[in-house]
Amino acid sequence: MKTQSNHFVRQSERNIQDKGLSTAVKKATRKAFEGRLKAMGETSIEHGEQIRMQAAFVKRRVLADLPYFLELAEQRMIENGMRVLWARDGEEACQQVLEIASNHKVAQVVKSKSMLTEEIGLNESLEKSNISVVETDLGEYILQLNGEWPSHIVTPVLHKTKESIRDLFIDKTDMPFTNDSRQIAQHARKILRNAFLKADMGITGGNFVIAETGTLCLATNEGNGRMVTSLPRVHVALVGIEKVVATLKDFATLTQALSRSATGQKITVYTSMIHGPSRPDEADGPESVYVIFVDNGRSNIYASKYAEVLACIRCGACLNACPVYHQIGGHPYGWVYPGPIGSIITPLLNGLENASPLPYASSLCGACKTACPVDIDIPAMLVALRNDLIENGLSAGVMDFVMKTWMGMMTSKSLYSFSGKAASLIFNKLAIEKILPSPLNGWTKYRQFPEFAKKPFHAIWEERGKKQ
2 MKTQSNHFVR QSERNIQDKG LSTAVKKATR KAFEGRLKAM GETSIEHGEQ
52 IRMQAAFVKR RVLADLPYFL ELAEQRMIEN GMRVLWARDG EEACQQVLEI
102 ASNHKVAQVV KSKSMLTEEI GLNESLEKSN ISVVETDLGE YILQLNGEWP
152 SHIVTPVLHK TKESIRDLFI DKTDMPFTND SRQIAQHARK ILRNAFLKAD
202 MGITGGNFVI AETGTLCLAT NEGNGRMVTS LPRVHVALVG IEKVVATLKD
252 FATLTQALSR SATGQKITVY TSMIHGPSRP DEADGPESVY VIFVDNGRSN
302 IYASKYAEVL ACIRCGACLN ACPVYHQIGG HPYGWVYPGP IGSIITPLLN
352 GLENASPLPY ASSLCGACKT ACPVDIDIPA MLVALRNDLI ENGLSAGVMD
402 FVMKTWMGMM TSKSLYSFSG KAASLIFNKL AIEKILPSPL NGWTKYRQFP
452 EFAKKPFHAI WEERGKKQ
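Per the numbering used here, the very first residue in the sequence shown carries number 2; after that it's consecutive.
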């Protein structure tokens with residue numbers, strides 16, 4: 002999927018003006034944020050923090066020896082009857098899926114929600130090969146009908162109203178007019194149920210892969226994941242190499258952290274643990290299961306100072322906590338992964354030159370780090386990426402000018418003194434009006450602009466020293 006992250010500022014300005022969008026995003030994220038707080042602190046705040054710290058520990062333990070656990074997972078999965086493939090990038094992963102589809106004479110595909118398949122543009126590859134693809138997560142299906150990408154990691158249609166979804170179904174699927182949410186859902190269910198019954202292949206992602214047992218784990222709330230992995234005769238799972246966990250016990254820890262942080266639940270409605278294709282004595286399940294471990298730039302991240310970001314479990318808690326995301330939603334980030342975590346992942350996977358505004362899309366308030374169930378230091382990484390932008394000559398020209406001017410002023414006593422006096426004269430005149438001129442007038446819309454002190458602190462300090 003082609004990134005549009007360099008249009009971040011322009012798209013953000015457009016979204017800020019959309020009051021309906023801002024209201025929808027704030028309402029949904031507030032509900033999710035409060036749900037996480039309640040779920041994490043249900044027994045006690047200390048218990049919630051223990052889950053968080055344990056989840057952080059188990060993710061870092063597996064990252065410390067990731068190649069070993071990946072090889073162990075491959076070995077166990079093969080023993081379970083799965084076929085394991087490795088893809089260096091998105092193009093290779095798509096080609097492998099197309100080859101599997103060709104070998105099994107697949108004409109129709111159903112998909113469960115998967116950020117990775119959107120990252121590599123799998124749907125487009127399948128459609129170019131005349132293979133029909135239907136997203137079966139309701140939110141993803143709505144986006145597919147409208148030709149959009151997700152605005153949130155967990156709730157992809159968070160930015161849409163019931164009325165816009167209703168109108169979309171009427172336009173695209175000939176649904177009779179109704180304002181009843183249940184009837185809209187029932188209409189979608191009929192369409193998707195028919196797709197399940199016709200599908201030759203089911204494609205999923207994977208929330209976790211347990212190395213010690215060779216188990217693929219899926220966490221869903223709609224039940225579509227169960228249908229995708231049991232009805233079609235072929236199941237293909239595409240999993241990022243960072244999704245492996247060491248043990249079943251570690252999985253239990255992480256799934257608690259994931260469900261609480263993502264949706265405020267103790268556990269998702271459906272937790273599927275897939276060990277392989279159907280056995281001879283089983284009535285349902287796929288004949289063949291393929292697992293494709295996808296790198297697509299993750300090894301480069303693993304070898305860098307940003308390796309900690311691979312601990313992310315895609316819960317979306319940082320988005321729900323972020324004041325910037327609340328104002329603009331997910332689409333201005335210009336790629337599959339929005340919000341604070343997307344501001345790190347997108348530049349690392351697509352190149353800093355293709356996402357240069359994103360490291361600055363944060364107030365560095367730290368709410369994202371506090372909310373993160375695996376304690377990723379997102380603000381520190383954003384600052385490091387800003388430094389990388391400057392060192393590589395990719396920062397905005399205005400920013401370069403401002404920072405160089407500030408550095409010159411701060412390293413020269415005479416310039417510092419002169420600029421302080423000049424600023425005092427200018428801003429004290431503005432303080433009389435109480436309102437700053439455009440484009441700074443937004444700051445004084447809700448507060449008065451204060452007068453500067455008559456004497457700067459360093460002058461008062463010098464006078465005090467002389468008196469003593």
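By construction, the Cβ of each residue, glycine as well, lies at the ideal position given by its N, Cα and C atoms. Values in this document were obtained by computation on a predicted structure and should not be read as measured data.
Item, Value
"Per DSSP, the bridge partner or partners of Y291", "R84, V237"
"Nearest residue (CA-CA) to A385, options I101, L365, S300", "L365"
"P374 versus T30, E14, R37, E128, residue with shortest Cα-Cα distance", "R37"
"Integer-rounded CB distance, given that L169 should sit under 8 Å from N147", "6 Å"
"Of the residues Q109, I143, I79, E141, the one placed nearest K129, counting alpha carbons only", "Q109"
"8 Å CB neighbourhood of K106 in its chain, flanking five on each side removed", "D201"
"CB contact flag (P333, Q12, <7 Å)", "yes"
"Coarse secondary structure for G226, derived from DSSP in three states", "helix"
"Cα-Cα separation, Q5 to E14", "15 Å"
"Assumed close pair E100, V85 - CB separation to whole angstroms, cut-off 8 Å", "Actually they do not touch by this definition, with Cβ atoms about 15 Å apart."
"Expected contact under 8 Å - CB spacing of T472 and E213 to nearest Å", "An answer regarding residue 472 cannot be provided, because it is not within the stretch 2 to 469 covered by the chain."
"A40 burial status per 10 Å Cβ neighbour count (16 or more: buried)", "buried"
"Cβ separation of G330 and N16, assumed to be a contact under 8 Å, to the nearest whole Å", "6 Å"
"Span of the beta strand (DSSP E) around M116", "Looking at the DSSP string, M116 is not in any beta strand (DSSP E); the run it does join, the alpha helix (DSSP H), is 116-120."
"Residue nearest to K32 in terms of C-alpha spacing, selected from V292, N429, N321, E392", "N321"
"Residue burial classification, S470 (beta-carbon count within 10 angstroms, cutoff 16)", "Because the chain spans 2 through 469 in this model, residue 470 falls outside it and cannot be assessed."
"With 16 other Cβ atoms within 10 Å as the buried cut-off, status of F419", "exposed"
"Residues bridged to C366 [DSSP beta-bridge criterion]", "According to DSSP, C366 bridges with nothing at all."
"Inter-stretch contact (C-beta, 8 Å, three-pair minimum) for the segment 19-35 and the segment 307-325", "yes"
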